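For reference, the structure is listed below as structure tokens.
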Amino acid sequence: AQRVTQPEKLLSVFKGAPVELKCNYSYSGSPELFWYVQYSRQRLQLLLRHISRESIKGFTADLNKGETSFHLKKPFAQEEDSAMYYCALAYSGAGSYQLTFGKGTKLSVIP
Amino acid sequence: EAGVTQFPSHSVIEKGQTVTLRCDPISGHDNLYWYRRVMGKEIKFLLHFVKESKQDESGMPNNRFLAERTGGTYSTLKVQPAELEDSGVYFCASSQDWGTVYGYTFGSGTRLTVV
Numbered sequence: 003a004q005r006v007t008q009p010e011k012l013l014s015v016f017k018g019a020p021v022e023l024k025c026n027y028s029y030s031g032s033p034e035l036f037w038y039v040q041y042s043r044q045r046l047q048l049l050l051r052h053i054s055r056e057s058i059k060g061f062t063a064d065l066n067k068g069e070t071s072f073h074l075k076k077p078f079a080q081e082e083d084s085a086m087y088y089c090a091l092a093y094s095g096a097g098s099y100q101l102t103f104g105k106g107t108k109l110s111v112i113p
Numbered sequence: 635e636a637g638v639t640q641f642p643s644h645s646v647i648e649k650g651q652t653v654t655l656r657c658d659p660i661s662g663h664d665n666l667y668w669y670r671r672v673m674g675k676e677i678k679f680l681l682h683f684v685k686e687s688k689q690d691e692s693g694m695p696n697n698r699f700l701a702e703r704t705g706g707t708y709s710t711l712k713v714q715p716a717e718l719e720d721s722g723v724y725f726c727a728s729s730q731d732w733g734t735v736y737g738y739t740f741g742s743g744t745r746l747t748v749v
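In the order they appear, the protein sequences are chains A and B. Using this note's numbering, count along the first sequence one by one with no gaps and you end on 113. Using this note's numbering, count along the second sequence one by one with no gaps and you end on 749.
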């Protein structure tokens with residue numbers, strides 16, 4: 003069965019410091035991985051997808067199949083990055099296209 | 635375009651009562667999904683509608699939960715009778731096409747508290 007693990011419940015960093023939010027997955031197929039973000043009082047929104055190899059708001063994430071990881075990184079944290087971050091794995095199950103989420107990591111950027 | 639709208643934003647009910655959550659997807663989106671996050675746990679898939687049909691309801695926890703999508707527009711999720719462990723945040727999402735998570739748009743969620 004597929005599984006997504008985010009080992010840190012809370013991560014606090016100072017403004018300007020590098021950030022790394024960890025995500026590990028378990029999946030027998032070819033993974034399709036995402037990072038979602040939820041800012042305070044806002045809805046869950048897609049941050050980035052591994053398949054696009056993009057950088058959004060300065061964040062990047064590289065899929066490492068050997069380590070089954072998809073860590074989210076940013077070189078210099080900003081206060082506006084404070085939010086809940088969820089790593090998610092997409093797969094097809096029972097004729098549907100589902101997301102399996104990790105428990106989430108709350109990022110707090112200290113001014 | 636208007637986003638995915640969920641009602642109510644918060645609901646507090648007593649154990650044994652009934653609660654109905656509503657989701658209005660983005661107009662024209664055939665695919666509608668329900669997810670929920672209970673305290674301390676992951677956001678988990680509940681079910682997927684394609685228009686008015688249930689494509690996949692493998693994530694529904696038990697028969698106290700009933701989801702409908704009459705006419706393929708808005709959807710309701712009824713919990714009857716509610717139990718304490720049903721407390722959590724219920725998310726709805728919609729997409730034009732299935733098979734592309736890129737097109738998922740989530741609602742703000744309904745926070746359900748069962749006391």
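Glycine included, every Cβ here is placed at the ideal spot set by N, Cα and C. The structure presented is a predicted model; accordingly, all values stated were derived computationally and were not measured.
Let me know if residue i comes out buried or exposed under the rule of 16 or more other beta-carbons within 10 Å of its beta-carbon.
i: Ala79 (chain A); result: buried
i: Gln689 (chain B); result: buried
i: Asp720 (chain B); result: buried
i: Val646 (chain B); result: exposed
i: His663 (chain B); result: buried
i: Arg51 (chain A); result: buried
To the nearest angstrom, report how far apart residue i and residue j are at their CA atoms.
i: Val748 (chain B); j: Ser709 (chain B); result: 21 Å
i: Leu74 (chain A); j: Leu49 (chain A); result: 10 Å
i: Ser742 (chain B); j: Cys657 (chain B); result: 10 Å
i: Gln730 (chain B); j: Gln100 (chain A); result: 15 Å
i: Arg5 (chain A); j: Leu91 (chain A); result: 8 Å
i: Arg671 (chain B); j: Trp37 (chain A); result: 17 Å
i: Tyr724 (chain B); j: Pro695 (chain B); result: 13 Å
i: Leu13 (chain A); j: Gly693 (chain B); result: 30 Å
i: Pro30 (chain A); j: Ala3 (chain A); result: First, the residue type needs correcting, since residue 30 (chain A) is Ser and not Pro in the sequence shown. Cα to Cα, the separation comes out at about 8 Å.
i: Thr739 (chain B); j: Ser728 (chain B); result: 5 Å
i: Asp83 (chain A); j: Ala19 (chain A); result: 12 Å
i: Cys726 (chain B); j: Thr102 (chain A); result: 15 Å
i: Ser94 (chain A); j: Lys675 (chain B); result: 22 Å
i: Tyr753 (chain B); j: Pro77 (chain A); result: Examination of residue 753 (chain B) is not possible in this model, given that chain B is present from 635 through 749 alone.
i: Asn26 (chain A); j: Gly650 (chain B); result: 39 Å
i: Leu65 (chain A); j: Ser110 (chain A); result: 24 Å
i: Glu56 (chain A); j: Lys24 (chain A); result: 18 Å
i: Glu750 (chain B); j: Glu648 (chain B); result: The shown model of chain B, from 635 to 749, leaves out residue 750 (chain B), and the question about it has no answer.
i: Glu2 (chain A); j: Ser28 (chain A); result: Residue numbering for chain A in the displayed model covers 3 to 113; residue 2 (chain A) lies beyond these limits and cannot be assessed.
i: Gly60 (chain A); j: Arg698 (chain B); result: 44 Å
i: Arg43 (chain A); j: Ser98 (chain A); result: 29 Å
i: Thr639 (chain B); j: Phe679 (chain B); result: 18 Å
i: Ser32 (chain A); j: Ala63 (chain A); result: 17 Å
i: Ala636 (chain B); j: Glu10 (chain A); result: 34 Å
i: Leu46 (chain A); j: Ile58 (chain A); result: 15 Å
i: Ile53 (chain A); j: His644 (chain B); result: 36 Å
i: Ser661 (chain B); j: Val684 (chain B); result: 13 Å
Tell me which same chain residues have a C-beta within less than 7 Å of the C-beta of residue i, skipping the five on either side of it?
i: Glu754 (chain B); result: There is simply no residue 754 (chain B) to check, as chain B begins at 635 and stops at 749 in what is shown.
i: Val642 (chain B); result: Before going further, note that residue 642 (chain B) is Pro rather than Val in the sequence given. For Pro642 (chain B), where only same-chain residues beyond five positions count, the Cβ hits under 7 Å are Thr744.
i: Gly722 (chain B); result: Arg670, Arg671, Val672, Met673, Leu746
i: Pro113 (chain A); result: Lys17, Glu81
Among residues of its own chain, excluding the 5 on either side of residue i, which ones have a beta-carbon nearer than 6 Å to its beta-carbon?
i: Glu22 (chain A); result: His73, Lys75
i: Lys712 (chain B); result: Thr654, Leu700
i: Met86 (chain A); result: Gln40, Gly106, Lys108
i: His682 (chain B); result: Tyr667, Gln689, Asp690
i: Glu34 (chain A); result: Ala92
i: Ser71 (chain A); result: Asn26
i: Glu677 (chain B); result: The sequence given here places Ile at residue 677 (chain B); Glu does not occur at that position. Contacts found: Tyr669, Arg671.
What residues from chain D crowd round residue i, counting only those whose CB sits closer than 9 Å?
i: Leu49 (chain A); result: Here the protein chains are A and B, and chain D is not one of them.
Excluding the 5 residues flanking residue i on each side, which residues of the same chain have their C-beta closer than 8 Å to its C-beta?
i: Thr652 (chain B); result: Lys712, Val713, Gln714, Pro715, Ala716
i: Gly104 (chain A); result: Val6, Thr7, Gln8, Cys25, Tyr88, Cys89, Ala90
i: Val15 (chain A); result: Val21, Ala79, Leu109, Ser110, Val111, Ile112
i: Lys2 (chain A); result: In this structure chain A extends from 3 to 113, so residue 2 (chain A) is not present and cannot be described.
Residues of the segment 656 to 679 of chain B with Cβ closer than 9 Å to any Cβ of chain A, in chain order: Asn665, Tyr667, Tyr669, Arg671, Gly674, Lys675, Glu676, Ile677, Lys678, Phe679
The segment 52 to 77 of chain A: which residues have C-beta closer than 7 Å to a C-beta of chain B, in chain order? none
What are the residues in the segment 99 to 111 of chain A lying within 7 Å of chain B by C-beta distance? Tyr99, Gln100, Leu101, Phe103, Gly104, Lys105
Entirely enclosed beta strand (DSSP E) segments - the segment 62 to 100 of chain A, minimum 3 residues: 74 to 76, 85 to 95
Anything in the segment 686 to 715 of chain B with a Cβ closer than 7 Å to a Cβ of chain A? List those residues in chain order, please. Gln689, Asp690, Ser692
Complete beta strand (DSSP E) runs within the segment 705 to 745 of chain B (minimum length 3 residues, chain order): 709 to 713, 722 to 729
Can you give me, in chain order, the residues of the segment 10 to 36 of chain A that have a beta carbon less than 8 Å from any beta carbon in chain B? Glu34, Phe36
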